[in-house]
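Each residue of the sequence shown is one higher than the one before, starting from 4 at the first, in this note's numbering. In what follows, a structure is listed as structure tokens, so that the remarks can point back to it.
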Amino acid sequence: MLNKKMVMPLAWGLTVAILGGLATDLGPWYQALKEPFWKPPDIAFGPIWSTIFVLSGMAWVAVKHLTSDASILSRLTFLFWVNAFLNLLWSILYFRFQRPDWSLYEAVFLWLSVLAIYLTIRKVSTKYSLYLLPYLVWVSIAIVLNWDTVRLNGPFG
């Protein structure tokens, strides 16, 4: 049975995963990009993102169980939805608009949104804030990968 406190985290995770997947196009343009030697194989991205979304959702649900502070819960909900928007926007900029240069700038805001979520959760639980560390690390790696892709293939547009 679905707990009321799980609805928003579940909706967030499904929204980001589905819309991000739909915005991702690994067609000819993407296949023609020069990639840095250290880039993980494309097949790894799905499991990595899925793990990140599950951990993030678990932290969100835990915070909803640990506190009744409406301002924290409201801030956290807002931050997760901003994060969902930024995740989707990154995929659209990179894959649909074929502008890794624009997505590189946007990725900084994505990283900051993850940091804001981490810091908000940390106010309630240090333990559950650690669930966000893989997300911070992965977006950091993604920014460097994005930078290398721009360096190897630019200019775009």
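Cβ coordinates follow ideal geometry from the N, Cα and C atoms, glycine included. Being a predicted model, the structure only gives us computed values, none of them experimental.
Let me check understanding here. Comparing Cα to Cα, which of the options lies closest to residue i?
i	options	result
glycine 160	Trp150, Thr70, Met9 and Pro103	Pro103
alanine 145	Glu109, Phe83, Val19 and Gln101	Glu109
lysine 8	Thr70, Asp28, Leu148 and Asn156	Thr70
leucine 79	Gly157, Trp63 and His68	Trp63
glycine 49	Ile21, Leu115 and Lys37	Ile21
tryptophan 105	Leu113, Trp93 and Leu115	Trp93
valine 127	Gly157, Leu76 and Met11	Leu76
phenylalanine 98	Thr129, Gln34, Ala26 and Tyr131	Ala26
valine 19	Phe83, Tyr33 and Asp72	Phe83
valine 111	Val66, Phe40, Pro158 and Val140	Val140
tryptophan 41	Thr152, Gly157 and Pro158	Thr152
tyrosine 33	His68, Asn6, Val10 and Leu96	Leu96
asparagine 6	His68, Tyr131 and Pro158	His68
aspartate 28	Thr129, Asp45, Tyr131 and Gly157	Asp45
Which of the three DSSP states, helix, strand or coil, is assigned to residue i?
i	result
phenylalanine 100	coil
serine 128	coil
phenylalanine 40	coil
phenylalanine 159	coil
leucine 76	helix
threonine 54	helix
glycine 30	coil
What is the rounded straight-line gap between the Cα of residue i and the Cα of residue j?
i	j	result
glycine 30	leucine 13	30 angstroms
leucine 91	leucine 148	18 angstroms
alanine 119	valine 85	10 angstroms
phenylalanine 81	leucine 133	20 angstroms
phenylalanine 100	leucine 36	14 angstroms
tryptophan 52	phenylalanine 88	15 angstroms
alanine 47	leucine 113	20 angstroms
valine 66	alanine 73	11 angstroms
threonine 129	valine 10	23 angstroms
proline 39	tyrosine 131	33 angstroms
Only counting the same chain, and skipping five residues up and downstream in sequence, which positions put a Cβ closer than 8 angstroms to that of residue i?
i	result
proline 137	Thr54, Ile55 and Leu58
valine 142	Ala110, Leu113, Trp114 and Val117
Within a Cβ cutoff of 7 angstroms, which residues of the same chain sit near residue i, ignoring the five residues on either side of it in sequence?
i	result
tryptophan 150	Leu107
leucine 135	Ser59, Ala62, Val117, Ile120, Tyr121 and Ile124
glycine 23	Asn90, Leu91 and Ser94
What residues in its chain sit with their C-beta under 6 angstroms from that of residue i, if we drop five residues either side in the sequence?
i	result
leucine 155	Lys37
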